[in-house]
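Position one of the sequence shown corresponds to residue 1 (the UniProt record's numbering), numbered consecutively onward.
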Amino acid sequence: MENVAKTSKFNQSRAEGSESSHEPKKKKLRQNNGNGDAVNTTAYVQVNLWGSSDLKLLMEAMKSFIPHAAIVHTKLIFDDHHFLVDNKAVKISAILLRPHLLEGSHVKPCEISVIYVCELHEIRGKFNKEKADALGLTVKEKYRILQRGDSVKSDLLDIMVHPSDVFGPSIPGPIVFIVDCPTESLARVLLSSESLNGYYSNLSGNPPLSTKVVNCIIHLTPASVVSSPSYDKWIQKLYSAQHVMAGHAMKSNPKI
Numbered sequence: 001m002e003n004v005a006k007t008s009k010f011n012q013s014r015a016e017g018s019e020s021s022h023e024p025k026k027k028k029l030r031q032n033n034g035n036g037d038a039v040n041t042t043a044y045v046q047v048n049l050w051g052s053s054d055l056k057l058l059m060e061a062m063k064s065f066i067p068h069a070a071i072v073h074t075k076l077i078f079d080d081h082h083f084l085v086d087n088k089a090v091k092i093s094a095i096l097l098r099p100h101l102l103e104g105s106h107v108k109p110c111e112i113s114v115i116y117v118c119e120l121h122e123i124r125g126k127f128n129k130e131k132a133d134a135l136g137l138t139v140k141e142k143y144r145i146l147q148r149g150d151s152v153k154s155d156l157l158d159i160m161v162h163p164s165d166v167f168g169p170s171i172p173g174p175i176v177f178i179v180d181c182p183t184e185s186l187a188r189v190l191l192s193s194e195s196l197n198g199y200y201s202n203l204s205g206n207p208p209l210s211t212k213v214v215n216c217i218i219h220l221t222p223a224s225v226v227s228s229p230s231y232d233k234w235i236q237k238l239y240s241a242q243h244v245m246a247g248h249a250m251k252s253n254p255k256i
């Protein structure tokens, strides 16, 4: 009966043009701040799209399919090496591939491609309690401070204890490349790109310990380009990575 009474009251108010005062209040959705905190993901999520200059053409075509255009943001990439995301969970950067042109000629938007580099942050090594005890740490709260990367004062000794004193070696975070190289001319650009030199372990002048190890490469490149000499030579520079061939006509052998 109570629900019937509420419905009747609402219908009467609506007929009088004052129904807003009786409508149930809707909880305002909070904007996700995008800081990687899983606790704050109950609200709506903004969509950030990055791409080369022709991304705006795609967004124009998608306007009629996006009901809430305010939550979709596009960011164009113009620099050869551009950092897109850098938070507590992951760092994502973009590397532009532009064809080598003669002086006076212009690059068309369709001739530009992007490589995305996804790097997860390193995992701190295991905590060694025996070392912590030997260094005079008795307050467990200081363990958390050390885990954050800060040094603490010993409780029993007149020394400072550093994270490297009680934690094992850190494990490098995995690195994934997403490569879209649609033409053989861009494959030659890819092979000579200096922005990727820090990932080649066999490059002369790169100390082994300073080289970042690439774990996986997802190739969106068509088969005709993958089989080209330049692209094959580039793959050999990253021979230790797992290669996922996700491009056109690659379904029969997706991994190498």
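Heads up, the beta-carbon is just placed ideally off N, CA and C, and yes, glycines get one too.
Any idea if residue i is buried or exposed, counting beta-carbon neighbours within 10 angstroms, 16 or more meaning buried?
i: Gly149; result: exposed
i: Ser240; result: exposed
i: Lys126; result: exposed
i: Leu146; result: buried
i: Met62; result: exposed
i: Lys26; result: Residue placement at Lys26 is poorly supported in this model, since its pLDDT is 47, which falls under 50; the coordinates are not used for a value here.
i: Val47; result: exposed
i: Ala169; result: For the record, residue 169 in the displayed sequence is Pro; it is not Ala. Pro169 is exposed by the Cβ-count criterion.
i: Ala134; result: exposed
i: Met245; result: buried
i: Ala132; result: buried
i: Ile171; result: exposed
i: Ile217; result: buried
i: Gln236; result: exposed
i: Asp37; result: Below a pLDDT of 50, predicted positions are generally treated as unreliable, and Asp37, at 49, falls in that range; no measurement from the model is reported.
Do residue j and residue i have their beta-carbon atoms positioned less than 7 Å apart in this structure?
i: Glu113; j: Gly136; result: Checking the displayed sequence, the identity of residue 113 turns out to be Ser instead of Glu. No; because the gap between Cβ atoms is not below 7 Å, this pair is not in contact.
i: Pro222; j: Gly198; result: no
i: Glu119; j: Ile175; result: yes
i: Glu130; j: Gly173; result: no
i: His243; j: Val179; result: no
i: Ile115; j: Ile92; result: no
i: Phe177; j: Arg124; result: no
i: Leu191; j: Ser230; result: yes
i: Val214; j: Leu238; result: yes
Below 8 Å on the Cβ atoms is my guess for residue i versus residue j; work out the distance and round it to an integer in Å.
i: Thr211; j: Ser195; result: Not quite, the Cβ-Cβ distance comes to about 14 Å (not below 8 Å), so this is no contact.
i: Thr138; j: Leu156; result: 7 Å
i: Leu55; j: Leu49; result: 6 Å
i: Leu97; j: Cys181; result: 7 Å
Verify the contact flag: residue i, CB atom, against every heavy atom of the ligand ADP, threshold strictly below 6 Å.
i: Arg144; result: Summarising the ligand content, the structure contains no ligands, and the ligand ADP is consequently not present.
Exercise. Does the pairing of the segment 212-226 with the segment 176-196 give three or more beta-carbon distances under 8 Å?
Worked result: yes
Problem set entry | beta strand (DSSP E) runs contained entirely in the segment 188-249, provided each spans 3 or more residues | 216-219 and 242-245
Exercise. Which runs of the beta strand (DSSP E), 3 residues or longer, sit entirely within the segment 144-183?
Worked result: 175-179
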